[in-house]
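Structure record follows, encoded as structure tokens.
Number of protein chains: 2
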Amino acid sequence: METTATTTMPIISKDELLKHYFGHRFLTRRTIELFPEKEFFEFSIGGMRTAAQLANELLSIAGPALKAIANSDDVPYIEPSVPASKAEYLKKWDEADEEIKTYWAQIPEERFPEMFNLFGQYNFPILHNVLYFIDNEIHHRGQMFVYLRALNIEPPFFWERW
Amino acid sequence: METTATTTMPIISKDELLKHYFGHRFLTRRTIELFPEKEFFEFSIGGMRTAAQLANELLSIAGPALKAIANSDDVPYIEPSVPASKAEYLKKWDEADEEIKTYWAQIPEERFPEMFNLFGQYNFPILHNVLYFIDNEIHHRGQMFVYLRALNIEPPFFWERW
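Listed in order, the protein sequences are those of chains F and U. Residue 7 in my numbering sits at position 7 of the first sequence, and the numbers go up by one each step. Residue 1051 in my numbering sits at position 51 of the second sequence, and the numbers go up by one each step.
In structure tokens:
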């Protein structure tokens, strides 16, 4: 995850990346919604984490990470408390959306190439920390799609983002 | 996948996005490598495609799409021929790397916001067509990770990209 000096004209704006990210967050929310309550908390494959545990990881990163970056604060990663129902997950998901918008707005473009030691342990340029957690969401949601298929539930279309 | 006008300073350069993409391609290649030959072609979960079929989709997009974009050619999507062995997949993967580098270099930054009707059917800004196929690779590789776990094989670390 090293960065290189910008040797060419940039092609993505901060606004565009946020919009792209929110397209993914919409799709992840729909994916969570499709799980039956019980299976959301209990089903997994090959000893992996449940969909609830994967969703919880996503919740523990995006909002807290952007807050830490916006405040230039290397607070440690906090294991999130586990919501007790899918409805509570979705509520937290929506709250995280607001948190992401708030802190995203507080990180100026100029800071994206800057190194930042996220959670006191991931020392990368801010841009790469951000791309990492977007990619991590796509990765784990892809795994949730397999869980849904294994449960005989049709996942959302990958291209539906709004 | 609509785009917005660039209202803020851009934060990712074309070179950075390519480097980021190649980090993912490296990880996908390692994921393919870890499958046993037989399971690569035969194993799946919940009626989904096999890892070979998913990898074949990835091969049918990246190189051909960038070639079409570079040449401003709305050739239709071609169902790829299916390689007969994992070794042949890996060879095609490496060939695609070279194709991607070649055609990426031929697409100037200025074209990324331009609409392009990829394969005569996906009419989006070039940037969003490109982000789509990077995300699609992350998505399907996440699914291959579940297949590996179900086969009791440890997938690579998500953060190892080189």
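We treat Cβ as the ideally placed atom computed from N, Cα and C, and that holds for glycine. Bear in mind the structure is a predicted one, so any value in this text is a computation, not a measurement.
Problem - Residues near GLU1137 (chain U) by beta carbon distance below 7 Å, same chain, minus five either side - result: Correct list, in chain order: HIS1024, THR1028 and LEU1058.
Practice task
Using a Cβ-Cβ cut-off of 8 Å, state whether GLN1106 (chain U) counts as contacting chain F.
Solution key: Put simply, the CB of GLN1106 (chain U) is far from chain F, with every gap to its CB atoms at 8 Å or more.
Practice task
Step through the CB atoms of chain U and report whether any lies within less than 8 Å of the CB of GLU109 (chain F).
Solution key: Yes, GLU109 (chain F) counts as interfacial toward chain U.
Exercise for the section: Tell me whether LYS1119 (chain U) sits in a helix, a strand or coil according to DSSP, three-state version. Expected result: For the sequence presented, residue 1119 (chain U) should be read as Phe rather than Lys. DSSP, reduced to helix, strand and coil, places PHE1119 (chain U) outside both helices and strands of the structure shown, so it counts as coil.
Handout entry: Identity of the residue in U:MET1144, U:MET1115, U:GLU1110 and U:PRO1083 nearest SER1060 (chain U) by Cα
Key = Cα-wise, what sits closest to SER1060 (chain U) is U:PRO1083.
Problem - Inter-residue spacing [alpha-carbon to alpha-carbon] between GLY47 (chain F) and ILE1153 (chain U) - result: Computed Cα separation, rounded: 11 Å.
Exercise for the section: Can you pull the chain U residues whose beta carbon is under 8 Å from the beta carbon of LEU17 (chain F), in chain order? Expected result: The contacting residues are ILE1011 and ILE1012.
Handout entry: Unbroken beta strand (DSSP E) run spanning PRO10 (chain F), endpoints
Key = DSSP places PRO10 (chain F) in the uninterrupted beta strand (DSSP E) bounded by 10-13.
Handout entry: PHE43 (chain F) - partner residues in DSSP beta bridges
Key = PHE43 (chain F) is not bridged to any residue.
Practice task
Mind the definition here: the region 1089-1109 of chain U touches the region 1061-1071 of chain U only if three or more C-beta pairs lie below 8 Å; say whether that holds.
Solution key: Judged by Cβ distances under 8 Å, the region 1089-1109 of chain U makes contact with the region 1061-1071 of chain U, as three or more pairs qualify.
Practice task
Would you verify that the beta carbon of MET1001 (chain U) is, or is not, closer than 8 Å to some beta carbon of chain F?
Solution key: Legend: pLDDT at MET1001 (chain U) = 40, less than 50; position of this residue unreliable, no value from coordinates given.
Exercise for the section: Identify whether PHE168 (chain F) lies in helix, strand or coil by the three-state DSSP scheme. Expected result: Since the displayed chain F opens at 1 and closes at 162, residue 168 (chain F) lies outside it and no answer follows.
Exercise for the section: Check the Cβ of ASP1135 (chain U) against every Cβ in chain F and list those closer than 9 Å, keeping chain order. Expected result: Here the neighbours are HIS20, HIS24, ILE134, ASP135, ILE138 and PHE158.
Problem - Neighbour flag for ASN152 (chain F) against chain U, beta carbons, 8 Å - result: It does; some Cβ of chain U falls within 8 Å.
Exercise for the section: Could you please tell me which residues of the region 31-49 of chain F, in chain order, have their CB closer than 8 Å to any CB of chain U? Expected result: Residues ILE45, GLY46, GLY47 and MET48.
Handout entry: Residue from F:LYS38, F:GLU37 and F:ALA65 whose Cα sits closest to the Cα of GLN184 (chain F)
Key = Examination of residue 184 (chain F) is not possible in this model, given that chain F is present from 1 through 162 alone.
Practice task
Taking only the alpha-carbon atoms, compute the straight-line gap between GLU2 (chain F) and PHE41 (chain F) and give it to the nearest angstrom.
Solution key: Bear in mind that the predicted position of GLU2 (chain F) carries a pLDDT of just 42, short of 50, making it unreliable; the figure below should be weighed with that in mind. Our two residues, GLU2 (chain F) and PHE41 (chain F), have alpha carbons roughly 36 Å apart in a direct line.
Exercise for the section: Go through its chain and collect everything with a Cβ distance to LEU1054 (chain U)'s Cβ below 6 Å, but skip five positions before and after it. Expected result: If we look at LEU1054 (chain U) and ignore the five residues flanking it on each side, its Cβ neighbours are HIS1140.
Practice task
With a threshold of 16 other CB atoms inside 10 Å of the CB of MET144 (chain F), please say whether the residue is buried or exposed.
Solution key: Buried.
Exercise for the section: With a threshold of 16 other CB atoms inside 10 Å of the CB of TRP1162 (chain U), please say whether the residue is buried or exposed. Expected result: Counting Cβ neighbours within 10 Å, TRP1162 (chain U) comes out exposed, since fewer than 16 surround it.
Problem - Endpoints, the alpha helix (DSSP H) within which TYR89 (chain F) is located - result: For TYR89 (chain F), the enclosing alpha helix (DSSP H) stretches over residues 86-105.
Practice task
Give me the Cα-Cα distance between PHE1043 (chain U) and GLU1110 (chain U), rounded to the nearest whole angstrom.
Solution key: Their Cα atoms are separated by approximately 43 Å.
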